[in-house]
Amino acid sequence: MKKIAVLTLFALLTAAPLCALTKEELKDTYRQMSTEDLSELQSIKLKIIEDSALKTGYMRSPVSVGGAGGFYYFLPNSQINDNKPAQADSISSMLGGAGGFMVNLQPNLAVGGLFGGMGGGSSKKVGISYYSYSVNALFEMATLQYKPIINDSWIVGLDLGLGLAQAGYLTSVTDENLNGQDIVRSGANWAYLYGVDVRKRLTNTFFVSGKLGFFSASIESLKRGDFTDPGKRLVINAPYLQLGLGGNF
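As structure tokens, then:
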């Protein structure tokens, strides 16, 4: 009899809206169930949730929010070295990291935020002097992801981000006795990125990922202290590779 009650309740919940049952009718049905019956009903619910997550990459309950983070490897073009001392070596790569959250709007569409940073530098000794050059940047972006491919093993997403980058550079010349000069300039401006995200599913909702993309920021009229120099700018145009871990989007 109790088994029939479980099946009847499940049929009512799936075939009709909850408002078709009054609160008292729902309470009475639950009162007729044993612990085993309730456990079976919970198993049915979890199976429905997991089947949905397999098709979408995320669970809608309790919240439809996921996140991910990872390490980034940037390969900036030659513009990154426009401000370096002539004697210093060029920066050829930069390392960084970023993490963020995603809110699932539809199985194939999500929006969110990304927060990260990057940095790189070079140093060279010429005679008795050391010439150093370094670039650092922080960025915060609103992001959009479209997932054209979702299957049992893989999820492929197309990413687009737009936001703000705060970046600057440091040049220094010192000798063996640390006598020398440092110049620091920095500023902020709009930045964007785009990429292709390929995720290998570890479970229905968790994954490891690799991403190939492009990051761009152009910081104009850099400041040195309180002084703005209209002739100085910092341009970061860099393809990137990201390795990450995340879930539920």
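Per my numbering, the sequence shown starts with residue 1, numbered consecutively. Even glycine gets a Cβ: it sits at the ideal position worked out from N, Cα and C.
- The way I'd put it, the stretch 172-180 doesn't touch the stretch 141-157; fewer than three beta-carbon pairs between them come closer than 8 Å.
- With fewer than 16 neighbouring CB atoms inside 10 Å of its own CB, residue 123 falls in the exposed class.
- Judged by DSSP in its simplified three-state form, residue 26 adopts helix.
- Counting along the chain, residue 124 sits inside the beta strand (DSSP E) bounded by residues 109-126.
- The alpha-carbon separation between residue 183 and residue 137 amounts to approximately 16 Å.
- Per DSSP, the beta bridge partners of residue 158 are 146, 196.
- Excluding sequence positions up to five before and after residue 240, its CB lies within less than 6 Å of the CB of 72, 74, 213, 215, all in the same chain and listed in chain order.
- Sequence-distant partners of residue 99 (beyond 5 residues in either direction) whose C-beta falls short of 8 Å from its own C-beta, in its chain, are 67, 68, 69, 70, 114, 115, 116.
- For residue 239, the enclosing beta strand (DSSP E) has its first and last residue at 234-247.
- Note on the stretch 66-102: there is no whole beta strand (DSSP E) run with a minimum of 3 residues.
- Counting the other Cβ atoms within 10 Å of the Cβ of residue 149 gives fewer than 16, which makes it exposed.
- Only residues of its own chain outside the window of five on either side were considered, and among them 74, 94, 96, 137 have a CB closer than 6 Å to the CB of residue 118, listed in chain order.
- Taking C-beta atoms as the reference points, residue 209 and residue 244 count as a pair closer than 8 Å.
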